[in-house]
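2 protein chains.
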Amino acid sequence: MASDTGADGTVGKALDVLDMVAARGRPVRFSDLQVGSSYPKATLYRLLQTLTHQGMLAYDEDRGTYTLGLRLVRLAHAAWSTSSLAPLARPYLDELAAETGETIHLAQLDQGQVLYVDKRNATKPVEMFSSAGKVGPAYCTGVGKAMLAYLDDGALEAAIARQSFHQFTPETLDTPEKLKAELIAIRDRGYAFDREEHEPGIICCAVPILTRTGRAIGAVSVTSTTARTDLAALEAQAGRIKDSAARIAAVAEDWRFPEQG
Amino acid sequence: MASDTGADGTVGKALDVLDMVAARGRPVRFSDLQVGSSYPKATLYRLLQTLTHQGMLAYDEDRGTYTLGLRLVRLAHAAWSTSSLAPLARPYLDELAAETGETIHLAQLDQGQVLYVDKRNATKPVEMFSSAGKVGPAYCTGVGKAMLAYLDDGALEAAIARQSFHQFTPETLDTPEKLKAELIAIRDRGYAFDREEHEPGIICCAVPILTRTGRAIGAVSVTSTTARTDLAALEAQAGRIKDSAARIAAVAEDWRFPEQG
DNA sequence: AGACTAAGTTTCACATAATGGAACCACAGG
DNA sequence: CCTGTGGTTCCATTATGTGAAACTTAGTCT
């Protein structure tokens, strides 16, 4: 999947290459990339050189492999702290985690996928980057559905087109139709469930974070297991979660005027 | 500043723009960027469009501002988990933190700057992205000097050229000469100190993480305050830190063969 | 209102920068 | 010594990006 069919210009291609490297998740050789890439040898080679020269990739001389560069980590730090809800939402997540004692996720929608930007774990201490930055499917997670439910028609269709509808479990909503029906229900009640749709035994209740104009800018969820609780019990928390979501929405609304300069 | 004088090609410029946005650390309007950018209006505009279209930037319709995009966060997660020492070093850092009870930093060198990739805080729980991804000066931090001390001549000169030598405190080594002398001493003894060179009252002892060939791929440090301890006490820990660094080096050495495929 | 100004967007002739087929190099096996 | 595979460089061709200037809005001042 050379993915981004609409790769505009040279930078589009370069970023596409970055994604390719990222997708492997381990050091890759030139030839690893060449197969499956639509770019001709020389072009791919030059793109890699440029990216490496720019610090977006790192080249291991000895092994002849490329990995993602540290410049990305630096940029992402800035991205995370200025563009994500995480820094704002932190105190509210802490609170919610303390009160519920369950796992909390904060997610945003990125190109039709769920991007987790923060997390509180019931038991273990927080796990740095290893959780923030993770992506997941939108059509079969609580946070994902909560956000999809508030997209306008155009954006929704675009997002749906990007879903794989892979059937992770027997409960997974595996067609656009089922999903759309579910989204209406979610809009109605104001929060979403994950009924073991992504992983067996894992359930959650998720609430969208809405702007005044009704756009979903993120979602918060409380996750648990069927062993420990059930949907009804989680639903009882919905009000509490909504409350947190509303408060996050409120600070997010103000925050866009960091300085009026 | 327009920094990257050697901005090769279009992607170089695009990435340069990304950095510019990142540098402000808050939503920026078009005109904010235009001043201080050497690119002509139309060019800058097109670059911004492309980056936005690619999800590297996000554009806020209402305010007319750009911020870094979430795609970066996604990429960085991959970068952090495949290219940084953090995932490998984690258990050793935990151990070191537990034993010393002080603040632990894990850093790598990126374009002449110190990039913190992980951290253990004495008291508070870990702070996600907010610490990882941060950058700091190399010439006046323990981890920075520890790594500089093991650069070869060419790389060292290049790195020194990138230092600001801003005098943060009376103790800051504010010339290349003083720094070079210090680096020799560090190489001799195998670890570096920060003698309140960056922040008054903050001291640390840092050890480079060395490959078999003697290249520094990162550094670990134990940080404390003059109120709580002193350099002599920190130096007593040096052996312990060296031990951690050596063990991290060992796993890092193997790790580059994730699968021989 | 009407006349200015500043911020953002589009155009278009032009030149630079990316393209990719093919040739080249280096090295490992047979 | 030949042959194949992985990686790097050339270079004529052309697509792409360039940027001065013109154009739209959306405010602001008088």
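Chains as they are written, first to last, in our numbering: chain X, 1 to 261; chain H, 262 to 522.
All residues carry an ideal CB built from backbone N, CA and C; glycine is no exception.
Cβ shell of residue i (< 8 angstroms), same chain only, five flanking positions each side left out
i, result
"ILE478 of chain H", "LEU346, GLN369, ILE470, LEU471, THR472, ALA510, ALA513"
"THR486 of chain H", "GLY462, ILE463, ILE464"
"GLY316 of chain H", "GLY330, LEU331, ARG332"
"LYS302 of chain H", "GLN295"
"GLU460 of chain H", "PHE429, THR430"
"GLN163 of chain X", "GLY112, PRO137, ALA138, TYR139, PRO176, LEU179"
"THR50 of chain X", "ALA14"
CA-to-CA distance, residue j to residue i, given in whole angstroms
i, j, result
"ALA146 of chain X", "ILE184 of chain X", "10 angstroms"
"ALA284 of chain H", "ILE365 of chain H", "26 angstroms"
"LYS178 of chain X", "ALA89 of chain X", "32 angstroms"
"ARG508 of chain H", "ALA420 of chain H", "27 angstroms"
"THR490 of chain H", "ALA410 of chain H", "25 angstroms"
"SER37 of chain X", "VAL282 of chain H", "30 angstroms"
"THR100 of chain X", "GLU157 of chain X", "35 angstroms"
"PRO27 of chain X", "THR67 of chain X", "5 angstroms"
"LEU301 of chain X", "ALA227 of chain X", "Residue 301 of chain X cannot be examined here, being either before or after the span of chain X that is shown, 1 to 261."
"LYS13 of chain X", "GLY373 of chain H", "28 angstroms"
"ASP32 of chain X", "LYS242 of chain X", "46 angstroms"
"PHE426 of chain H", "ASP449 of chain H", "23 angstroms"
"THR271 of chain H", "THR10 of chain X", "7 angstroms"
"VAL278 of chain H", "LEU309 of chain H", "8 angstroms"
"GLU182 of chain X", "ASP379 of chain H", "41 angstroms"
"LEU240 of chain X", "LEU305 of chain H", "First, the amino acid is wrong: residue 240 of chain X is Arg here, not Leu. ARG240 of chain X and LEU305 of chain H: Cα-Cα distance of roughly 45 angstroms."
"ASP254 of chain X", "GLY214 of chain X", "15 angstroms"
"ARG246 of chain H", "ALA359 of chain H", "There is no way to answer for residue 246 of chain H, as the model of chain H reaches only from 262 to 522."
"ALA493 of chain H", "PRO352 of chain H", "27 angstroms"
"GLU432 of chain H", "ALA78 of chain X", "29 angstroms"
"LEU276 of chain H", "LEU318 of chain H", "11 angstroms"
"TYR39 of chain X", "ALA416 of chain H", "33 angstroms"
"ALA499 of chain H", "ALA337 of chain H", "32 angstroms"
"GLY286 of chain H", "ALA480 of chain H", "27 angstroms"
"GLU322 of chain H", "ASP269 of chain H", "31 angstroms"
"ASP414 of chain H", "ARG46 of chain X", "28 angstroms"
"SER344 of chain H", "GLY190 of chain X", "41 angstroms"
Counted within 10 angstroms of its Cβ, other Cβ atoms place residue i as buried (16 or more) or exposed
i, result
"ASP94 of chain X", "exposed"
"THR223 of chain X", "buried"
"ARG132 of chain X", "According to the sequence displayed, residue 132 of chain X carries Ala and not Arg. Burial call: buried."
"SER505 of chain H", "buried"
"THR326 of chain H", "buried"
"PRO125 of chain X", "Caution applies to PRO125 of chain X, whose pLDDT of 46 falls short of 50 and renders its modelled position unreliable; the value that the coordinates give is listed next. It counts as exposed."
"ARG120 of chain X", "buried"
"ASP269 of chain X", "Because chain X spans 1 through 261 in this model, residue 269 of chain X falls outside it and cannot be assessed."
"ARG74 of chain X", "buried"
"ASP110 of chain X", "buried"
"GLU102 of chain X", "buried"
"PRO519 of chain H", "Residue placement at PRO519 of chain H is poorly supported in this model, since its pLDDT is 39, which falls under 50; the coordinates are not used for a value here."
"PRO398 of chain H", "buried"
"GLU197 of chain X", "buried"
"ALA497 of chain H", "exposed"
"GLU388 of chain H", "Its pLDDT being 48, under 50, GLU388 of chain H is placed unreliably by the model, and the measurement read from it follows with that caveat. The residue in question, GLU388 of chain H, is exposed, as its Cβ has fewer than 16 Cβ neighbours within 10 Å."
Sequence-distant residues of the same chain with beta carbon closer than 6 angstroms to residue i, five excluded per side
i, result
"LEU495 of chain H", "CYS466"
"SER482 of chain H", "HIS366, GLY403, VAL404, CYS465, ALA467"
"LEU96 of chain X", "ILE104, SER244"
"PRO437 of chain H", "ILE421"
"THR52 of chain X", "TYR59"
"VAL135 of chain X", "GLN113, LEU115"
7 angstroms Cβ shell around residue i - same chain, five flanking residues per side excluded
i, result
"LYS180 of chain X", "none"
"ARG29 of chain X", "GLY64, THR65"
"ILE186 of chain X", "LYS145, ALA146, ALA149, ALA192"
"PRO537 of chain H", "Residue 537 of chain H is absent from the structure shown; chain H starts at 262 and stops at 522."
Scan the stretch 271-301 of chain H for residues whose Cβ lies nearer than 7 angstroms to a Cβ of chain X and list them as they occur along the chain.
THR271, VAL272, GLY273, ALA275, LEU276, LEU279, ALA283, GLY286, ARG287, PRO288
Under 8 angstroms (Cβ pairs) to chain X, residues found in the stretch 338-355 of chain H: HIS338, ALA339, ALA340, TRP341, SER342, THR343, SER344, SER345, ALA347, PRO348
Q. Listed in chain order, which residues of the stretch 201-234 of chain X have Cβ atoms closer than 8 angstroms to some Cβ of chain H?
A. none
Given a limit of 7 angstroms on CB to CB distance, which residues of the stretch 152-178 of chain X reach chain H? none
Margin query: So within the stretch 429-516 of chain H, which uninterrupted alpha helix (DSSP H) runs reach at least 4 residues, ignoring any that extend past its ends?
Written below: 437-450, 492-497, 499-516
Quiz prompt | Cβ-based contacts, 8 angstroms cut-off: residues of the stretch 309-322 of chain H near chain X | solution = THR311, LEU312, HIS314, GLN315, GLY316, MET317, ALA319, ASP321
Secondary structure, beta strand (DSSP E): runs of 3+ residues fully inside the stretch 19-102 of chain X: 57-60, 65-68
- Closer than 7 angstroms, Cβ to any Cβ of chain X: which residues of the stretch 438-456 of chain H, in chain order? none
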